[in-house]
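These notes are about the structure you will find just below.
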Amino acid sequence: MSKTLKVGLIGYGFAGSVFHAPVITSVPGLALTKVVERRSDKSKERYPWVEVVKSAEELYADETIDLVVVTTPSTDHYDFVKDALLAGKHVVVEKPFTPSSAEADELIALAKKQGKVLTVFHNRRFDGDFLTICELLRQELLGDVMEAEFHWDGFAPVLKSTNWREGSEPGTGVWYDLGVHLLDQALRLFGVPATIAADIRKQRGGEAHDYFDVTLGYGTGLKVRLKSSKFVRESFPRYALHGAKGSFVKYGIDPQEAALIAGAQPSAVRNWGKEPKELWGKINTSLGGLRAEGVIETIPGSYVDYYRNVMEHINGQAELEVKPEEARLAIQLIELALQSSKEGRALPVTFAETAPIA
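If you're matching positions, the sequence shown starts at 1 in full-length UniProt numbering and goes up one per residue.
Right, dumping it as structure tokens:
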């Protein structure tokens, strides 16, 4: 029988309160037990049964805690993950994994030495639009994809926020914050590229970069462009893929984030993650020699599936969906892109190959 895993959450800011706690408490077999909050007891308002502790050390010292979830700023991920592993805990850490691939390598080696599970919260693999694209490629509905463009744009031309993401420490800025999601998706779909060419900038006068335009080149002729800007008032498609048989274009963003921000509990919402028809992606392709044009119903997204997979893997029932080595690859590409942008040239990618799903 599966063991119920007791979970300790470090941090109850935006990520901890919006993305992690509601999803964890929607998975039968996971029991949110302790929350580290240094200056408040907010988690008890929604989860009155949890015990609030004021330091991570108190959490590590609890021998009944099986899984520690780190939702601190990414600048602190290395220390918290290392200490949790040394305390004998399995660990989920928010993305990005770490500010540097060298730190990621150390943590992966430590997890193996300790015999503990280490994984990164790449929840965007569980967005409905991405799951739909995965299925389109599995069924070869677009043929060999030769061009793809992923956007994460917005309109915020004046820098107002003063949180850690806009600071100057390693691991800050939009390329780490949002770019890591798009990189993880590109790696999942197409594998490791042959080259990377990046333009990463500070457009609003802040300390951290707030714009990126990154192109991944593949030996097959495929080109994947990843882009984010704070000066986009009229949205581009979120995803656009073009192949030998046809194209798929998708606007809008997965509805799970907005629902979670509004306070919804995944386990209490019927048809969780289901997207309205007006946001379904458009396809123009060939089927059996016939031209087909229309919309593709978006597969419902489910961040719950991420945590269910972690639980099942710890219990020896499933392969781990987000492997730390995959998350480390994304950090390596982030570092290489920053070098490419600084040097103003495309750079070769020499990392170990991973198998794409396409």
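The beta carbon of each residue, even a glycine, is placed where N, CA and C say it ideally should be.
On a predicted model such as this, the values are computed, not experimentally measured, just so you know.
In angstroms, rounded to a whole number, what distance separates the CA positions of residue i and residue j?
{"i": "Val81", "j": "Glu335", "result": "21 Å"}
{"i": "Thr172", "j": "His313", "result": "31 Å"}
{"i": "Val52", "j": "Leu9", "result": "10 Å"}
{"i": "residue 374", "j": "Ala87", "result": "In the structure as shown, the chain begins at 1 and stops at 358. Residue 374 is therefore absent and cannot be evaluated."}
{"i": "Ala355", "j": "Thr215", "result": "With a pLDDT of 47 at Ala355, under the threshold of 50, the modelled position of this residue cannot be trusted; read the value that follows with caution. So the alpha carbons of these two residues sit roughly 19 Å apart."}
{"i": "Ala358", "j": "Asn315", "result": "In this prediction, Ala358 scores a pLDDT of 47, lower than 50, which makes its location untrustworthy; the coordinate-derived value is nonetheless stated afterwards. Cα-Cα distance, rounded: 29 Å."}
{"i": "Cys134", "j": "Ala259", "result": "23 Å"}
{"i": "Leu118", "j": "Glu169", "result": "24 Å"}
{"i": "Tyr306", "j": "Glu257", "result": "14 Å"}
{"i": "Phe14", "j": "Thr71", "result": "9 Å"}
{"i": "Gly289", "j": "Pro157", "result": "47 Å"}
{"i": "Arg225", "j": "Asp213", "result": "7 Å"}
{"i": "Leu287", "j": "Gln139", "result": "11 Å"}
{"i": "Thr64", "j": "Val35", "result": "14 Å"}
Is the distance from the Cβ of residue i to the Cβ of residue j below 7 Å?
{"i": "Gln332", "j": "Ser100", "result": "no"}
{"i": "Ser55", "j": "Gly29", "result": "no"}
{"i": "Val232", "j": "Asp210", "result": "no"}
{"i": "Leu131", "j": "Gly206", "result": "no"}
{"i": "Ala327", "j": "Val120", "result": "yes"}
{"i": "Lys250", "j": "Tyr239", "result": "yes"}
{"i": "Val68", "j": "Val50", "result": "no"}
Considering just the uninterrupted stretch of the alpha helix (DSSP H) at residue i, what are its terminal residues?
{"i": "Leu182", "result": "179-190"}
{"i": "Ile299", "result": "Segment: none, Ile299 is in no alpha helix (DSSP H) and carries neither H nor E."}
{"i": "His313", "result": "304-314"}
Quick one: what does DSSP say residue i is sitting in, helix, strand or coil?
{"i": "Glu319", "result": "coil"}
{"i": "Pro348", "result": "strand"}
{"i": "Lys116", "result": "coil"}
{"i": "Ser340", "result": "helix"}
{"i": "Lys227", "result": "strand"}
{"i": "residue 361", "result": "Examination of residue 361 is not possible in this model, given that the chain is present from 1 through 358 alone."}
{"i": "Gly243", "result": "strand"}
{"i": "Leu110", "result": "helix"}
{"i": "Gly281", "result": "strand"}
{"i": "Lys82", "result": "helix"}
{"i": "Val158", "result": "coil"}
{"i": "Phe19", "result": "helix"}
Hey, could you find the ends of the beta strand (DSSP E) residue i is sitting in?
{"i": "Asp213", "result": "211-217"}
{"i": "Arg291", "result": "290-296"}
{"i": "Ile10", "result": "5-10"}
{"i": "Glu94", "result": "90-94"}
For a cutoff of 7 Å on Cβ pairs, would you count residue i as touching chain D?
{"i": "Leu333", "result": "Among the chains in the structure shown there is no chain D, since it carries only a single protein chain."}
Three or more C-beta pairs under 8 Å: does that hold for the stretch 81-91 against the stretch 42-62?
In short, these stretches touch, since the Cβ pair count reaches three.
Examine the Cβ distances between the stretch 194-208 and the stretch 136-147 and report whether three or more of them are shorter than 8 Å.
Contact fails: fewer than three Cβ-Cβ distances are below 8 Å.
At least 3 beta-carbon pairs within less than 8 Å: the stretch 147-161 vs the stretch 169-186
yes
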